[in-house]
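Protein chains in written order, with our numbering: chain A, 1 to 465; chain B, 466 to 692.
What follows is a set of notes on a single structure, which appears directly below.
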Amino acid sequence: QRSPLNDFQRLRATELLPAVPAEPPRPAERGSAEQCARRCAASPGCRAFHHDRQSQLCQLLPRTQHSPRVQLHKNIHYDLYQKKDYLRDCIVGNGSSYRGTRATTEKGLRCQHWHAMTPHDHSRFLPSPRNGLEENYCRNPDRDKRGPWCYTMDPNVRHQSCGIKKCEDAVCMTCNGEEYRGAVDHTESGIECQRWDLQHPHKHPYHPDKYPDKGLDDNYCRNPDSSERPWCYTTDPGREREYCRVRLCKKRPRPHNVTTGCFRGKGEGYRGRVNVTVSGIPCQRWDSQTPHRHHFVPEKYPCKDLQENYCRNPDGSEAPWCFTAHASIRIAFCFHIRRCPDELDAQECYHGHGERYHGHVSKTRKGITCQPWAAHEPHEPQISPVTHPEAHLEENYCRNPDNDSHGPWCYTMDPRTPFDYCAIKPCCEPPPAPPAKLLTPTPPADVVAFEECGRRDERLQRKGR
Amino acid sequence: IIGGQPGNSPWTVSIRNRAGVHFCGGSLVKEQWVVSTRQCFASCDADLTGYEVQLGTLFKDPSPGDPDQQTIPITRIVCGPSESQLVMLKLARPAALNRRVALICLPPERYVVPAGTDCEIAGWGETRGTSDGSVLNVARLPVLAHGECNAALRGRVKESELCTAPLRAGVGACEGDYGGPLACLTADCWVLEGVITPSRVCARTDQPALFIRVSLYVDWIQKVMKM
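So this is what it looks like as structure tokens:
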């Protein structure tokens, strides 16, 4: 159940414009992005299309960002979808669908234009609107197993391969591939991947809006959940997800932010030896499967230093954690490892409750992008620039319009999280006075009144035994 | 609960994992909302499919025919401000309030419960032989003044924490009670003043017990329910 959008690469909030206005633009047609993709695929001259999500209109385009005399412009109303084959600089299979702009051979010889008959007369492969033989770009019209080739401008060399890499080799991955951003879009058994921004054929929680920094583009293999290596949901309804084959880089990156006595950020670089939880329960060894079975096997996560039973953060959680040796407590965070002091004063901070914060942080503490204050989806706001004109509710910047005592917050782009606090810390202000002074003085009990709560049948209490 | 005895606490809920095993406590603050602690869950993004709360019965594992038992799936977890260690759990449907299921009150914002106030903790956690572990146990603890507690714990008590005095008889929460309530009687109503969080030793006789001070987070709790 592949979507026609699988052939396209999406660029958000982007418009493709000719540098010099050329022919009048084609009229916009109504339709979903998938319907537009189907129309573009059926139209020989179409290589891309604009899709206006709000009005559900699309406009087919005869060019991509690699075409001459075009420019990309930011435009929040449009998403630009371009045919992958025209954008990729690597090949899938034998490369017969390659439509990139490489025009030199593997030895560096310039390619001859396909329509030209000199220096090499070839009359076999002549350009047509359908066969993609344009300019002097490398192409593979005869399905040569060595991939795209061209006639060369060297009179002594009639034709030569262009040496374009396979996509699965073009970009390698480090560690478990969490940062992999290559263009592999098939699983290791050859099944095509499902797009991350679609919920069919498989519903899933990894929506690109919710995880903007996981690179969940189009239907490329990614590793958003700290699996062993990049994977994807598949277009086969009978097979939910599968690993992809991606080359491992020869050089292992040096870990950064390595600390032993404290932790920075989420503690992914923590290499200390704390091995108990906050409540003193010993941690389980990473190389053991009892009492808790898990998939964080040290050999499969060589970059995460899963030694002994030390607190570590192999999966991008909020802080170092471990499986515990207590059978009924699977996981516990090691919050008792202190945060490195220099970090505390390095980030943006806010004073008081942050009601006067006017900075530009626009992510929640979990890294979810904030919803613009003026938007109505995915959450219908109760607080907006209309209801709070004086609160500087610009763009999707974190703000504190309701003087929330826990600091700046925002509505989020995660449909399941209406609001959350932002990744901003209070500035280091002089330590507060003892709580009794700060907190509400204790009114006499009879002043405080409660309604419909806190009452029980005291007889039951006595009859408890 | 160590040093408690079987009792009734109609707002205390049992939180159970996919295998139906009790692993933490919580407090019913609205028909569809339970307050518990962050330490009970792997992450704020935890997939709680199959997790549920059990209310209305004193038994940890009631027989299927128990007429008062209510079992409601959990649909969502919302983590509190980072230092709060609190979470709110949204239930798939409202709990039915009756003689065995009641809401606990929330304190006024930043309210400080007076030292010496009579409070109680409740849960189905470890009893270490001090009581019947198959039913809900309740234990009484008196609030300790913040200054005294700070002195006893060498200045390590945070503004977001609330203390109760240690009792020579060894009374306190233990594994399986985390997330449950410290309820205090104010104006004839039981109010959720604290939430039980893990401590290094259960029921210490030589140190105060720490709880998360709920009154600091009432605005967040109300906001979550409103939003």
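Where a beta carbon is used, it is the ideal one built from N, C-alpha and C, also for glycine.
Computed from a prediction, not measured in an experiment: that's the story for all the values here.
Any C-beta of chain A under 9 Å from that of residue i
i      : result
P663/B : yes
P546/B : yes
M692/B : yes
Q504/B : yes
W685/B : yes
S479/B : no
S474/B : yes
S528/B : no
F676/B : no
V666/B : yes
P673/B : no
W498/B : no
C654/B : yes
K688/B : yes
For residue i: DSSP bridge partner residues
i      : result
T104/A : R110/A
A674/B : T629/B
L11/A  : L80/A
A587/B : V603/B
N563/B : V566/B
K366/A : Paired residues: none, contrary to the question.
W196/A : Looking at the DSSP assignment, W196/A forms no beta bridge with any residue, so it has no partner.
R241/A : Y233/A
F450/A : In the DSSP output, where bridge partners are listed per residue, F450/A has none listed.
W321/A : R312/A and F333/A
T152/A : C111/A
D597/B : Answer is none; D597/B lacks a bridge partner.
E29/A  : C58/A
P282/A : V276/A
Q71/A  : L17/A
Pair within 9 Å by beta-carbon distance, residue i and residue j
i      : j      : result
M413/A : P385/A : no
P646/B : P673/B : no
I539/B : L523/B : no
Q194/A : S32/A  : no
Y98/A  : G147/A : yes
G359/A : I424/A : yes
P255/A : R271/A : yes
R110/A : G100/A : no
R339/A : C262/A : yes
N400/A : C370/A : no
I542/B : A648/B : no
P224/A : E178/A : yes
Cutoff 9 Å: residue i Cβ touching any chain B Cβ
i      : result
Q35/A  : no
Q284/A : no
R12/A  : no
A332/A : yes
G471/A : Outside the shown range of chain A, which is 1 to 465, sits residue 471/A, and nothing can be said about it.
V361/A : no
S226/A : no
Q382/A : yes
G95/A  : no
D457/A : yes
I329/A : yes
CA nearest to the CA of residue i, picked from the options
i      : options                           : result
D533/B : L606/B, E548/B, N482/B and A567/B : A567/B
A332/A : S492/B, S680/B and R503/B         : R503/B
I368/A : T105/A, K214/A, N94/A and H77/A   : K214/A
A560/B : I537/B, I542/B and I569/B         : I537/B
P291/A : I281/A, S96/A and E135/A          : I281/A
R356/A : G261/A, H50/A, H392/A and Q82/A   : H392/A
F488/B : H326/A, T101/A, C167/A and F8/A   : H326/A
A587/B : V636/B, T651/B and D653/B         : V636/B
W685/B : Q535/B, P546/B and S664/B         : P546/B
C46/A  : Y220/A, P25/A and S55/A           : P25/A
V246/A : N176/A, Y211/A and E380/A         : N176/A
V20/A  : P129/A, H73/A, R38/A and R69/A    : R69/A
N482/B : A610/B, Q519/B and T662/B         : Q519/B
F323/A : F335/A, P408/A, G354/A and H294/A : H294/A
Nearest-angstrom Cβ-Cβ length linking residue i and residue j, presumed shorter than 8 Å
i      : j      : result
G521/B : A634/B : 30 Å between Cβ atoms; not a contact.
G472/B : V603/B : 3 Å
W589/B : S479/B : 6 Å
R229/A : Y243/A : 6 Å
R158/A : Y81/A  : That pair is no contact at about 38 Å.
S501/B : L554/B : 6 Å
F468/A : L61/A  : A question about residue 468/A goes unanswered here, because the residues of chain A that appear run from 1 up to 465.
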